[in-house]
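Numbering (UniProt numbering), first residue to last: 1 to 304.
Even for Gly, the Cβ is constructed at its ideal location relative to N, Cα and C.
Quick caveat: nothing in here was measured; it's all calculated off a predicted structure.
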């Protein structure tokens, strides 16, 4: 669905012409795992980074999952040279597991010499809230290669990464009947925003009309009427100190009987001095208009 989504926007709310897909949209088709094999009811998040490991730029995916019985997290590494490695830690309540520890894995493949990487974690004070698989606070997960920390996730940082990994994308699966909620930070230093998506029938237009709204921090930002005709689209949103391009593809909500999720992509944009609202620029500095290179992929599953 991803490759189709970034190439088929024929409608933009407000009547503007579709923008060409950014490198974020296209690169993430390969970097971010799709929804294949995912089952409704299993909460999953995945944060994707680029980091330099063993002399190459590599994709690092930190995933968290939760079902009725357990939590788990995994760190997967891949690169253009074909080398890969993965570490998975199961957090089962009826089994003993180390809330703090480390594990050594080998980055192998691609015809090059193997390289050792170490995954470290501390979840002794981790707080899991509201059915979200990823801890809200009180934890860290780190990746170390050649004696250097290359990635740290979480708020309890024993050591900072010598060369900070660059966030590429985040993928999250959410579930609901009419309303779907998520939290997102569109840049590393920015605030956490509440995203709420609502979809319902008979929106006043009759004839089985379907409407959809997207709200940011409680304020309606997108309203789409006649969704059965506008099931793919995109719109620019400006709120607080951020500008975000949101893309949606809800075809499978409407025409696949709930067997596949809708997909929403949120792509932050850096505002230029010409387009930024008053007070958004720091000291009058000119900020080039460009995408940040980061995208949030939100898979919304409709439950019966």
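Reference residue 133, options 91, 186, 212, closest by Cα: 91
Helix, strand or coil at residue 122 according to DSSP, with G and I counted as helix: Of the three classes helix, strand and coil, the one that applies to residue 122 here is strand, per DSSP.
Own chain, CB closer than 8 Å to residue 217, minus 5 neighbours either side, in chain order: 193, 194, 239, 240
Endpoints, the alpha helix (DSSP H) within which residue 253 is located: Its alpha helix (DSSP H) spans residues 251-255.
Helix, strand or coil at residue 218 [DSSP, three-state]: coil
Under 8 Å between C-beta atoms of residue 301 and residue 173: yes
Bridge partners - residue 167, DSSP secondary structure assignment: 49
CB-CB length for residue 197 against residue 255, believed under 8 Å: Actually they are not in contact, since the Cβ atoms of residue 197 and residue 255 sit about 18 Å apart, beyond 8 Å.
Run of the beta strand (DSSP E) containing residue 343, from where it starts to where it stops: Because the chain spans 1 through 304 in this model, residue 343 falls outside it and cannot be assessed.
Between the CA atoms of residue 82 and residue 199 - distance to the nearest angstrom: 42 Å
Distance between residue 154 and residue 296 (C-alpha atoms, nearest Å): Their Cα atoms are separated by approximately 18 Å.
Euclidean distance between Cα positions of residue 252 and residue 171: The straight-line gap separating the alpha-carbon atoms of residue 252 and residue 171 is approximately 18 Å.
Endpoints, the beta strand (DSSP E) within which residue 235 is located: 232-239
Test item: CB-CB of residue 141 and residue 62 under 8 Å: yes
Straight-line gap, residue 67 to residue 179 (C-alpha atoms, nearest Å): 21 Å
Residue 129 - DSSP class collapsed to helix/strand/coil: coil
Short Cβ contact (8 Å threshold) for residue 48 with residue 224: no
Given residue 74 as reference, the closest of 119, 250, 219 once Cα atoms are compared: 119
Beta-carbon proximity of residue 60 to residue 54, cut-off 8 Å: no
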